[in-house]
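Notes follow the structure.
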Ligand SMILES: [Zn+2]
Ligand SMILES: [Zn+2]
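In this note's numbering, the protein residues as written are 11 to 93.
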């Protein structure tokens, strides 16, 4: 009977441990930073090219870039180049 309990213990340990390991590896994968697909890793706003302002069409005036709110940083990654 002792053998039965030993086998049961191993089985229970596996059932508890295996999903935990799978979740842990998935979690690590999600946390890995990936290159921003908007700016391609440069961190610059794609609308204004990182300047923070855009030249208004037909005039010499420069207007604040709406996409990055004038910061010049990519709105997707915040200027890190990674997400
Ligand atoms: Zn911008
Ligand atoms: Zn970006």
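Cβ atoms here follow ideal geometry from the backbone N, Cα and C, with glycine treated the same way.
Rounded C-alpha distance that separates residue i from residue j
{"i": "residue 60", "j": "residue 87", "result": "13 Å"}
{"i": "residue 43", "j": "residue 65", "result": "33 Å"}
{"i": "residue 93", "j": "residue 54", "result": "13 Å"}
{"i": "residue 78", "j": "residue 69", "result": "21 Å"}
{"i": "residue 80", "j": "residue 89", "result": "12 Å"}
{"i": "residue 67", "j": "residue 28", "result": "60 Å"}
Supposed close pair residue i, residue j - CB separation, criterion 8 Å
{"i": "residue 84", "j": "residue 49", "result": "4 Å"}
Residue i beta carbon near ligand 4 (any heavy atom closer than 6 Å)
{"i": "residue 70", "result": "Questions concerning ligand 4 fall outside what the structure shown contains, since the ligands it does hold are ligand 1 and ligand 2."}
Other residues of its chain near residue i: CB distance less than 6 Å, five sequence neighbours each side excluded
{"i": "residue 82", "result": "55, 60, 61, 62"}
Three-way DSSP call (helix, strand, coil) for residue i in this model
{"i": "residue 74", "result": "strand"}
{"i": "residue 64", "result": "strand"}
Residues near residue i in its chain [Cβ-Cβ closer than 8 Å; skip 5 each side]
{"i": "residue 17", "result": "none"}
{"i": "residue 51", "result": "45, 91, 92"}
Starting from the N-terminal end, write out each residue whose C-beta falls within a distance shorter than 5 Å of any non-hydrogen atom of ligand 2.
46, 48, 49, 84, 86, 87
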